[in-house]
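Only one structure is covered here, and it is reproduced in the block below.
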Amino acid sequence: MEWRYVRPQVATFKDRYRCITFDFRGQGRSKITRTGYDMDTLSKDAVALITSLDCAPCHFVGLSMGGFVGMRLAIRHPELLQSLALLETSADPEPQENIPRYRLLALITRWFGPGLVANQVMQIMFGQSFLNDPERAELRAVWRLRLIANNRVGIVRAIKGVIEREGVYEELGRITLPTLIIVGEQDVATVPAKSERIHAQIPHSQLVIIPNAGHTATIEEPEAVNTALRAFFDR
Numbered sequence: 083m084e085w086r087y088v089r090p091q092v093a094t095f096k097d098r099y100r101c102i103t104f105d106f107r108g109q110g111r112s113k114i115t116r117t118g119y120d121m122d123t124l125s126k127d128a129v130a131l132i133t134s135l136d137c138a139p140c141h142f143v144g145l146s147m148g149g150f151v152g153m154r155l156a157i158r159h160p161e162l163l164q165s166l167a168l169l170e171t172s173a174d175p176e177p178q179e180n181i182p183r184y185r186l187l188a189l190i191t192r193w194f195g196p197g198l199v200a201n202q203v204m205q206i207m208f209g210q211s212f213l214n215d216p217e218r219a220e221l222r223a224v225w226r227l228r229l230i231a232n233n234r235v236g237i238v239r240a241i242k243g244v245i246e247r248e249g250v251y252e253e254l255g256r257i258t259l260p261t262l263i264i265v266g267e268q269d270v271a272t273v274p275a276k277s278e279r280i281h282a283q284i285p286h287s288q289l290v291i292i293p294n295a296g297h298t299a300t301i302e303e304p305e306a307v308n309t310a311l312r313a314f315f316d317r
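For the sequence shown, the numbering used here assigns the number 83 to the initial residue and increments by one for each residue that follows.
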């Protein structure tokens with residue numbers, strides 16, 4: 083994921099907090115490396131960033147892949163975090179039924195570019211309420227263009243890292259940090275049941291389900307996400 087997915091949250095919280103956003107390797111403006119797209123390496127990247135910026139302990143907010151990384155940080159480097167917010171993510175390996183579809187999308191992207199699969203990816207990234215709302219047609223067009231503009235090599239390597247990731251579900255009980263879990267009720271990429279499993283395993287965690295949102299509630303229902311984050315930070 084890249085930082086623009088949380089731009090509405092940065093705009094809301096930047097006056098109260100030092101907001102640091104980053105693009106994972108191969109995405110956005112980060113370098114496209116040959117290797118290092120597994121979740122353990124991406125987590126080490128995050129550790130290095132937090133350490134180099136001297137911003138520990140921090141509130142870590144992770145969306146989707148960012149959640150995969152956030153859980154690993156909370157388990158292995160809790161001293162770096164003050165709290166953990168997990169948005170539209172999963173502690174499990176990628177469901178087997180998803181893998182053939184994602185491999186096909188990656189193959190098409192590799193050879194023909196992301197434009198050919200943009201419509202299918204939009205169906206994964208966003209909920210039906212957002213996709214079918216005529217008042218948000220312009221916003222949908224913006225995000226479709228952003229998906230198409232992504233570098234095909236970076237996307238393919240990132241997808242490989244996602245679908246080959248190992249789960250951390252059995253380790254979640256080690257997380258003692260204040261934890262907020264947010265999921266869109268229409269999320270088809272990491273369905274709400276995945277967030278409920280995380281919630282059940284992390285002691286004293288909070289779960290918020292965002293109505294009318296899919297896998298990118300930060301864009302689809304930003305005010306609802308901001309309200310949940312604000313209450314969590316102010317606890």
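Cβ coordinates follow ideal geometry from the N, Cα and C atoms, glycine included.
- Here alanine 299 carries a helix assignment [DSSP, helix/strand/coil].
- Distance check between glutamine 202 and each of Thr117, Arg226, Pro274, Glu179 places Arg226 closest, using alpha-carbon atoms only.
- Residues of the same chain with a CB within less than 6 Å of the CB of threonine 258, apart from the 5 flanking positions on each side, do not exist.
- Glu170 is the residue among Thr261, Glu170, Glu176 whose C-alpha sits nearest the C-alpha of alanine 295.
- Here lysine 96 is exposed, its C-beta having fewer than 16 other C-beta atoms within 10 Å.
- Cβ atoms of leucine 254 and isoleucine 280 come within 8 Å of each other, at about 6 Å.
- Comparing alpha carbon positions, the residue from Val224, Gly209, Met121, His286 closest to phenylalanine 314 is His286.
- In this model, alanine 130 and glutamate 302 are separated by some 31 Å (Cα to Cα).
- Counting along the chain, the unbroken alpha helix (DSSP H) around threonine 133 starts and ends at 121-134.
- Spanning the alpha carbons of isoleucine 102 and arginine 89 requires a straight line of approximately 11 Å.
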